[in-house]
């Protein structure tokens, strides 16, 4: 596969967890073409955790990379002109530019987000709106994909965004394999709310993760709300509330995303017919599968399979991006 160079730009005051996400996901693996370099303005970079990092690359690697990722950092502004110039130049050259959490402030300051939709950590959305009126800030999403410019909300949403990028480049099968290695959710739709009121189960209550895992192995079955609630040993009303608190979405929306993810993996990795894929992922008929593919991915199952079959031997492809908000159809281009 053709090497795809990823520059992770660590700004002064970088958040270590934000930086670790792209460093881990885009590290070199036999099944991926990524070549990741940690870059910075100076060789040594201070972090918000009180220790320093040593960067292997500089701004020249940022300018020539295929993908540039800016992790979150504090304080947010101002930034050196050299950094802003490198980001703007990368964008002008048609490179993919990505931010995690407050990294969006660097992209905005460089003009990369002008005229686009973007997001950041929920604590900072108003600050981003006030400081950069040319940017349309999406408050209630995990990440935003504007083609070659992608932004994510806080911390763990960076995992979702980076896995989404791998899925765009290399397909669901590779992205799911990396997610399993990270013990992370293989796919969370970008339109989910980024602020989950109860991200972990409260004392005395059991997480619904066992029910979600159980459902993932039975996607071809009729999984109604009643069936899921019964498996969890809860009333349907309590199950709905707890599920939303843990995942930020509804059970049926989660099921649809899981089934679409399974369909994508089957289309990439098997030669099963579209009818068989529809049955195996729980969407029933080829017509129903096509309907949901068109709504979610703006393509057809056959075209999706052809894209990944054609690109499997030559590195990152550019399949259609997902739709990231229920409020927006058709998807932005």
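Numbering (my numbering), first residue to last: 65 to 397. Backbone N, C-alpha and C define an ideal beta-carbon position, used for all residues, glycine too.
*If you draw a straight line from the C-alpha of residue 260 to the C-alpha of residue 310, how long is it?*
Note that residue 260 scores a pLDDT of 37, beneath 50, so its modelled location is shaky; the value from the coordinates is reported in the next line. Using only the alpha carbons, I get a separation of about 7 Å.
*Where does residue 147 sit, in a helix, a strand or coil, going by DSSP?*
helix
*Tell me, please, which residues DSSP counts as bridged to residue 216.*
207
*Using a Cβ-Cβ cut-off of 6 Å (strictly less than) and excluding sequence neighbours within five positions of residue 136, which residues of its own chain qualify?*
79, 82, 164, 165, 166, 167
*Near residue 246, which residues of its chain fall below 8 Å by C-beta distance, leaving aside the five closest residues on each side in sequence?*
88, 89, 223
*asked:* So for residue 163, helix, strand or coil by DSSP?
replied: strand
*Over what stretch of residues does the alpha helix (DSSP H) that includes residue 338 continue unbroken?*
338-345
*Residue range of the alpha helix (DSSP H) that includes residue 311*: 300-311
*Please name the residue, chosen from 131, 359, 118, that lies closest to residue 98 on a Cα-to-Cα basis.*
131
_Length of the line joining the Cα atoms of residue 242 and residue 368_ = 21 Å
_By DSSP's criteria, residue 69 is part of a beta bridge. Which residues make up the other side?_
99
*Helix, strand or coil: how does DSSP classify residue 84 here?*
helix
*asked:* What residue range does the beta strand (DSSP E) around residue 131 cover?
replied: 131-134
*Taking C-alpha atoms, which residue in 103, 181, 190, 75 lies nearest to residue 138?*
75
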